[in-house]
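Novice:
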Amino acid sequence: MDGNAAAPNCLAGIKVLDLTQFEAGTSCTEALAWMGAEVVKVEPPKGGEAGRRGVADPYYFMAYNANKKSITVNLKSERGLELVKDMARKADVFTENFAPGAVERLGLGYDVVSELNPRIIYAQVKGFGAGSPYEKGLCFDPIAQACGGAMSITGERDGKPIKPGPTIGDTGTGMLLAFSIVSALYQRASTGKGRRLQAAMQDSVMHYSRGMFIRQAQTGKPAQRQPAGGNPPHGIYPCKPGGPNDYVYLLTSRANPEHWPRLLKLIGREELIGDPRYDTAAARVEHEAEVDEIVAGWTRQRTKQEAMAQISGAGVPAGAVFDSMELTKDPSFAKRGILQTVQHGDWQMTMPTWPVRFDGAPPPINPAPLLGEHTAEVFEEWLGLDAAEVDALRQQGIV
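In my numbering, the protein residues as written are 243 to 641.
This is the structure in structure tokens:
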């Protein structure tokens, strides 16, 4: 990294009581932590939150819990519950994504917490929205992507629905909730009142899939899978040496008719400029297979990096299909601080940081916390407990 990392500190002084697990909730609170909020994970003393997946596989936990603190509390004990309620009185934000009804059974539902602290922003993630016929159902990212419509528009037109790779049901929901939390905090500065925020993963996937509703409005029919985008040349084209990710994606936009002649000049097929078979977008749709072969005949002779550089250099949008290792080995990401390496106990991981630069600098990263790493520190700072009192709680199995 270039050494110029600087904490944004936009949310400095904001205290977040984080009871989230897995990804949808933890990605939300991690975003707040990137912005400088003090995010305190409340975890069970034995094993921690479910996303830790045991000591043999910490990488999942590391990816979604950077810059946070961890305390352990037995919420099923009377004293443990009292401690968390005391923390809720001090917190600005309370977050949870337990299964439907679980947080209420613990005694930390909205009615309870908002009475303890009327200024608190109480934020929840569930799979399905309140009032949905599915609201009591358990949900993970693939379920949300299926029920939110994303799978229905992904894949080959005549093939099975496919789950998109990015976890838009999990992290996508988390980002929407994080933005909503910051908005509620901004409003609270003038009203003095807290808010209840409820994010549903199904609803969030629908939000990210607005394009399918555009197509439905245009046709009056359910949106179909459109893997290539419908305006040839537009899609994935093979490159040498023919490995599993040796492809380049390019598109010629309807909004810019110059893309097609620029591409023809690049690939040495100027004689096709003005050819009525290919001169308009509509004509190219009718001759899509021919158009694709014209382009593929050129891309097959080049690596994906060469194809991307040359096509992009000609003024046509193009992108190589990079895998995770290729991205990791690109030195520009480390230099810019977009990829950083963190240490978590005996484990090391190179991971993406927050992608937005503040005043030209990447934010610094602190590794995800060890289980209970900050219990004594947080209880002293938040609740005024001294070391002897925390040790007594440990002896009783409360922390």
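Where a beta carbon is used, it is the ideal one built from N, C-alpha and C, also for glycine.
Only a predicted model underlies this, so the values are computations on that prediction, with no experimental measurement involved.
(1) Which word fits A441, buried or exposed, when buried means at least 16 other C-beta atoms lie within 10 angstroms of its C-beta?
(2) Going straight from the alpha carbon of I553 to that of G516, what length do you get?
(3) Where in the segment 269-315 do unbroken runs of the alpha helix (DSSP H), each at least 4 residues long, occur, reported from the N-terminal end onward?
(4) Starting from the C-beta of L625, find all residues in its chain whose C-beta is less than 8 Å away, skip the five residues before and the five after it, and write them out in chain order.
(5) Specify the secondary structure class of T494 as computed by DSSP and reduced to three states.
(6) Whether or not the segment 338-351 and the segment 365-374 are in contact is what I'm after, with contact meaning three or more pairs of Cβ atoms, one per stretch, closer than 8 Å; do they touch?
(7) Count the other CB atoms, across all protein chains shown, that sit within 10 Å of the CB of K378; report buried if there are 16 or more and exposed otherwise.
(8) Taking contact to mean at least 3 C-beta pairs separated by less than 8 Å, is the segment 312-325 in contact with the segment 283-291?
(9) Would you mind reading off the limits of the beta strand (DSSP E) that contains H616?
(10) If you drop the 5 nearest sequence neighbours on each side, which residues of the same chain put their C-beta closer than 7 Å to that of L419?
(11) Exposed or buried, H291, counting other C-beta atoms within 10 Å across all chains shown (16 or more means buried)?
(12) Since K507 is in the alpha helix (DSSP H), which residue starts that stretch and which ends it?
(13) For T262, name the three-state secondary structure that DSSP assigns.
(14) Going by Cα to Cα distance, which pick from K311, G434, A392 and Q429 is closest to L612?
(15) In the structure shown, what three-state DSSP assignment does Y450 receive?
(16) Following the continuous alpha helix (DSSP H) through K327, name the residue where it begins and the one where it ends.
(17) Quick check on P480: does DSSP put it in helix, strand or coil?
(18) State whether the segment 452-461 contacts the segment 479-493, with contact taken as three or more CB pairs (one from each stretch) at a distance under 8 Å.
(19) In this structure, how does DSSP classify I363 when only helix, strand and coil are distinguished?
(20) Taking the alpha-carbon of E623 as reference, which of L253, E272, C252 and E280 has the nearest alpha-carbon?
(21) I'd like to know if the segment 567-577 and the segment 257-277 are in contact, where contact means that at least 3 CB-CB pairs between them fall below 8 Å.
(22) Taking Cβ to Cβ, would you say A610 is nearer than 7 Å to M304?
(23) With three or more beta-carbon pairs closer than 8 Å as the criterion, would you say the segment 488-502 touches the segment 557-564?
(24) What ranges does the beta strand (DSSP E) occupy inside the segment 523-567, keeping only unbroken runs of at least 3 residues that lie completely in it?
(25) From which residue to which residue does the beta strand (DSSP E) around R438 run?
(26) Is F336 helix, strand or coil when you go by DSSP?
(27) Leaving out five residues before and five after G204 in sequence, what residues of the same chain have Cβ atoms less than 6 Å from its Cβ?
(28) What do you reckon, are the CB atoms on V533 and R526 nearer than 7 Å?
(29) Rounded to the nearest angstrom, what separates S356 and S374 at their Cα positions?
(30) P594 by DSSP, collapsed to three states: which one?
(31) Spatial neighbours of L506 within its chain, please: CB distance less than 7 Å, with the 5 preceding and 5 following residues excluded, ordered by chain position.
(32) Quick check on N667: buried or exposed, where buried means 16 or more other Cβ atoms within 10 Å of its Cβ?
(33) With 16 other CB atoms within 10 Å as the buried threshold, where does L380 fall?
(34) I think I423 touches V335, with their Cβ atoms under 8 Å apart; what is that distance to the nearest whole Å?
(35) Is the beta carbon of A249 closer than 7 Å to that of P606?
(36) Here's a check: name, in chain order, each residue in its chain whose Cβ is nearer than 6 Å to the Cβ of I256, leaving out the five neighbours to either side.
Specialist: The relevant details are as follows:
(1) buried
(2) 20 Å
(3) 301-306
(4) L325, D328, M329 and K332
(5) coil
(6) yes
(7) exposed
(8) yes
(9) No beta strand (DSSP E) contains H616, which DSSP labels as neither H nor E.
(10) C270, A365, V367, L439 and A441
(11) Note on identity: in this sequence residue 291 is Glu, with His being the wrong assignment. Buried, by the Cβ-count rule.
(12) H501 to L508
(13) coil
(14) K311
(15) helix
(16) E320 to K332
(17) strand
(18) no
(19) strand
(20) E280
(21) no
(22) yes
(23) yes
(24) 560-562
(25) R437 to A442
(26) strand
(27) Within the shown structure, residues of the chain are numbered from 243 to 641, placing residue 204 beyond reach of any answer.
(28) yes
(29) 24 Å
(30) strand
(31) E512, L514 and I515
(32) Outside the displayed span of the chain (243 to 641) sits residue 667, for which this structure offers no information.
(33) exposed
(34) 6 Å
(35) yes
(36) A279 and D334
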